Ligand SMILES: [Zn+2]
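Structure, rendered in structure tokens:
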């Protein structure tokens, strides 16, 4: 076996392979997104059994084979265990991991996205923030990390500082009330504009610490939905589950 590579990351998904193996998809600091085989990990006696679970964050030792990596060891520092015991939180976490897997690549610097996912899962686990709000903040920031979210500081047409306005689906940009066409479908209150700019620019570790009215939250989710629809070219089953499980703007739990 080759010399091990120590990496730090989070397990995005786990798939059974053959009779007793698992394939794990990891987002890592060192290798970007990478998949690895965990041989025998479905045997209850295997040391890899308990550590190859979705959302596990920690240090992993990989060995590079001819066509794939093999996982030999894991030291998990955060299991996010509470997520697995709550249907709605677990569905959110799966949707976040699904989107993360969609937007990340092998051998790319994904440290920003790794930190974003980590703090989003922490926010979900703590339960202090509405799940829909964690979702909106996570999705908008993920889009921003990938250069797919416009600035909300200025009107895209007249360049005036934006206070309230609308989101133009034709331009995929915000417009001020003076430049907005009549009967715009996606209004943006002043608080929504402020929040979108906050999500786009704030340090990731301070991103998940605010609350909003349901009206602002629904505007935020609408923007996130429009941007994601235009950026993603395939079905996202885990994310679609959220529209079944979570109300559009749930009351605070
Ligand atoms: Zn304008």
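Residue numbers (the numbering used here): 451 to 703.
Note that the Cβ used here is the ideal one computed from N, Cα and C, for glycine as well.
No experiment lies behind these values; they were computed from the predicted model shown.
Pair within 9 Å by beta-carbon distance, residue 558 and residue 482: yes
Residue 519, enclosing beta strand (DSSP E) - first and last residue: 519-528
Quick one: complete beta strand (DSSP E) runs, 3+ long, within the segment 582-649? 615-618 and 623-626
Residue span of the alpha helix (DSSP H) that contains residue 694, given as start and end: 687-695
Less than 8 Å between the CB of residue 640 and some heavy atom of ligand 1, yes or no? no
Using a Cβ-Cβ cutoff of less than 6 Å, which residues in the same chain neighbour residue 688 once the five nearest sequence positions on both sides are dropped? 544, 545 and 548
What's the call for residue 703, buried or exposed, on a 16-neighbour Cβ count within 10 Å? Its pLDDT being 39, under 50, residue 703 is placed unreliably by the model, and the measurement read from it follows with that caveat. Label assigned to residue 703: exposed.
Report the three-state DSSP secondary structure of residue 456 (helix, strand or coil). strand
Is residue 442 near ligand 1, judged by its Cβ being under 8 Å from some heavy atom? Because the chain spans 451 through 703 in this model, residue 442 falls outside it and cannot be assessed.
Out of curiosity, what's the CA-to-CA distance linking residue 499 and residue 454? 19 Å
Determine the direct distance from the alpha carbon of residue 599 to that of residue 672, and round the result to whole angstroms. 13 Å
Please work out which residues of its chain come closer than 7 Å, Cβ to Cβ, to residue 472, disregarding the five sequence neighbours upstream and downstream, and give them in chain order. 464, 465, 466, 488, 491, 492 and 502
One question on the structure: do residue 551 and residue 512 come within less than 9 Å of each other, judged by their Cβ atoms? no
Could you give the residue range of the alpha helix (DSSP H) that holds residue 572? 561-576
Using the DSSP secondary-structure output, state which residues sit across from residue 466 in a beta bridge. 472
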